[in-house]
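Going down the list, the protein sequences come from chains A and B. If you read the first sequence in my numbering, its first letter stands for residue 1, the second for the next number, and so on. If you read the second sequence in my numbering, its first letter stands for residue 1, the second for the next number, and so on. Note that beta-carbon positions come from the ideal geometry of N, C-alpha and C, so glycine has one too. The next block holds one structure in the form of structure tokens; read it before the comments.
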Amino acid sequence: MIKVDFNIDKVRKDFPILSREIYKRPLVYFDNAATNQKPVQVLNRMDLYYENQNSNIHRGVHFLSQEATSAYEEARETIKTFINAHSRSEVVFTKGTTDAINLVAHSLGRKLLKAGDEILITFMEHHSNIVPWQMVCETTGAYLKVCNITEKGEIDIEDFKTKLSRKTRIVALNHVSNTLGTINPVKEIIKITHDAGALVLIDGAQAVAHLQVDVQDLDCDFYCFSGHKIYAPMGTGVLYGKEDILDKMPPYQGGGEMIAMVSFEKTTYNELPFKFEAGTPNVGGALGLEAAIKYVNGFGLATLAGYEDDLLKYGTEKLLQIEGLRIYGESALKTGVISFNLNKVHSYDAGTLIDKFGIAVRTGHLCTQPLVGFFGVPGFIRASFAMYNTKQEIDKLVEAVIKTREMLL
Amino acid sequence: MKTTIEEIEQQIAGEFENFEDWLEKYNYIIEMGKDLPLINEKFKTKQNLISGCQSSVWLHADYKDGLVFFSADSDAVITKGIVNMLIRVLSGQTPEDIISSQLTFIDEVGLKEHLSPTRSNGLVSMIKQMKFYALAFQTKYGA
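Next up, the structure:
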């Protein structure tokens, strides 16, 4: 249900970039699954930091350093509440989802994983939830197993249960697929995995801007997300990890901030979460992320999800009316992501022409090359929605796709 | 007298001059892309494949009487249209001329975006490969 106070015209005014013209047409931005645009509230918060508060944190006794440190730690508190983590120690700032997954993979690789162990992922993972695990398998001798998906673009739960074994140490999967939009039944998978004695990492990059995430309710061991996919700046992100698990894990990178005592004979590490935050962090970015979360909370994620679901339904219906158009990802539970192809049309050709209409869509393998192979296509055309998109914009896309089809066939 | 690379480039630029908007321009490129295959099927091998993230190109080269002859294909029709133009410009030229060609016509007809390295459609690698073939023939036959 959409709350009365969700005024789309007002929302659009918060995003300065939406007033741009591309090829003399008003920009239609449908590449939100790659990164979404930033509201002025986020931009102002970062300006304020660099204009008034910029200082290195956690190490200065001077006024500005104290102020910046407090602001940074308050941002951590906001994130803790946003995902309902148990404590602030469980919220580690990272550069993004990729960085967070690499942290977990490499840290576990140093201690938990050994030859013969298994890591289980799914066929619909983004490359950033495939490659770090492959790298760890190479160094430890562990094996990577891959759970199948169905034609509709859902996880094959029976196959998952078959591939989950006593050798499985960690299961890593996305909450929402960046290519298919499928909302995966992560709670159920976490339960099954825990019963088998393994850990679960959830790649939440595509989920946080569209679903209310409660890490305690999910009971996941790790949850990763990027700031730039929830209206916050690039280069920000979060790793949530259960405190007792993070505590046992060795640091991933060494440097300042993450130490307690350093001597040339031995270094002891700082407590959580600082143990995993080597070097000067992206303080301005973290404050931007906090501002983005507050902005989203101002509407409520349920309101945004309802609005975007409306766009998804409208877009799906309209696009399917185009002859020869196929949508990939037909789950009943989806976020606002529509990946499609036109019969006999190469996605690169379609993307090139759709761009000329001032519409930003993504084309190609979308960082999910296994899915390209699964569906036997050269790539996909993907339109992905955010809170500021409208049905009128979808009409423009449909018009552009029809024209594109005429030109290419 | 053989037509030089620059002359063919000028011809192509001339063909694009009269187009009023991008629609006409791309219709023309698409028509060129829909032309007959530019490569013998037997040369569409894995060895001749230049894979991009977005589209792929097959390129084959022959050397005859001091000149390099190219044939190529792409899985995407717009890429193929541009491939068609590159072949028109570079095929049947001497290795030296191919190596030193600037291919400014691409910029002139407003298709530079297709040669951006991030575009990853196989075209940038294709031009590199064309020049590499020319260099290899030059070294091998001392042309």
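- A Cβ of chain B is located within less than 7 Å of the beta carbon of Thr352 (chain A).
- The alpha-carbon separation between Phe357 (chain A) and Arg382 (chain A) amounts to approximately 15 Å.
- Using a CB distance cut-off of 7 Å, Pro370 (chain A) does not count as an interface residue toward chain B.
- Here Gln37 (chain A) is buried: its Cβ has 16 or more other Cβ atoms, across all protein chains shown, within 10 Å.
- Looking at the backbone, the Cα of Ile79 (chain A) and that of Glu113 (chain B) are separated by about 40 Å.
- Neighbours of Asn27 (chain B) in chain A, taken as residues whose beta carbon is under 9 Å from its own, are Met407 in chain order.
- Closest in C-alpha terms to Lys391 (chain A), from the list A:Tyr143, A:Lys318 and A:Thr162, comes A:Lys318.
- Leu120 (chain A): member of the beta strand (DSSP E) spanning Glu118 to Thr122, first to last residue.
- Scanning A:Gly364, A:Phe299 and A:Lys344 for the CA closest to the CA of Thr352 (chain A) turns up A:Gly364.
- At a C-beta separation below 7 Å, Gln10 (chain B) has no neighbours in chain A, since its nearest C-beta there lies roughly 25 Å away.
- Judged by their CB atoms, Val68 (chain B) and Ser74 (chain B) are not nearer to each other than the 7 Å cut-off.
- Residue environment for Lys42 (chain B): exposed (fewer than 16 other C-beta atoms within 10 angstroms of its C-beta).
- Per the coordinates, the alpha-carbon of Thr4 (chain B) lies some 13 Å from the alpha-carbon of Ile87 (chain B).
- Relative to the Cα of Lys10 (chain A), the nearest Cα in the group A:Phe30, A:Ile22 and A:Pro39 belongs to A:Pro39.
- Using a Cβ-Cβ cut-off of 9 Å, Asp35 (chain B) is close to nothing in chain A; its nearest Cβ partner there is about 15 Å away.
- The closest CA to that of Met234 (chain A), considering only A:Gly284, A:Gly241, A:Thr280 and A:Val186, is found on A:Gly284.
- Inter-segment contact for the stretch 81-100 of chain A and the stretch 200-220 of chain A is present: three or more beta-carbon pairs are separated by less than 8 Å.
- Contact of Ile78 (chain B) with chain A is assigned, a C-beta pair being separated by under 7 Å.
- Between Ser89 (chain A) and Glu243 (chain A), the gap from beta carbon to beta carbon is short of 7 Å.
- His58 (chain A) sits in coil when the DSSP states are folded into three classes, being neither helix nor strand.
- Under DSSP, Gly241 (chain A) shares a beta bridge with A:Phe222.
- Taken in chain order, the members of the stretch 116-130 of chain B whose beta-carbon sits within less than 7 Å of a beta-carbon on chain A are Asn121.
- Contact between the stretch 369-379 of chain A and the stretch 9-23 of chain B is absent: fewer than 3 CB-CB pairs across the two stretches fall below 8 Å.
- Taking one beta carbon from each stretch, the stretch 191-209 of chain A and the stretch 47-59 of chain A have fewer than 3 pairs nearer than 8 Å; the two do not touch.
- Under a 10 Å Cβ-count criterion, Met261 (chain A) is classified as exposed, with fewer than 16 other Cβ atoms of the shown protein chains found around its own Cβ.
- Secondary structure of Gln93 (chain B) (DSSP, three-state): strand.
- The DSSP-derived three-state label of Cys137 (chain A) is helix.
- Boundaries of the beta strand (DSSP E) around Tyr63 (chain B): Ser56 to Lys64.
- Within the stretch 321-352 of chain A, contact with chain B at the beta-carbon level (separation under 7 Å) is assigned to His346, Tyr348, Asp349 and Thr352.
- Bridge partners of Tyr328 (chain A) according to DSSP: A:Ser339.
- Ala400 (chain A) sits away from Ile338 (chain A), with the two beta carbons spaced by 7 Å or more.
- The continuous alpha helix (DSSP H) containing Met32 (chain B) extends over residues Trp22 to Lys34.
- If you look at Phe137 (chain B), you'll find it in the alpha helix (DSSP H) that goes Leu123 to Tyr141.
- Closer than 7 Å to the CB of Pro250 (chain A) there is not a single CB belonging to chain B.
- The stretch 90-100 of chain A makes no contact with the stretch 150-165 of chain A: fewer than 3 CB pairs, one atom from each, lie closer than 8 Å.
- When rounded, the separation of the alpha-carbon atoms in Phe6 (chain A) and Thr303 (chain A) is 8 Å.
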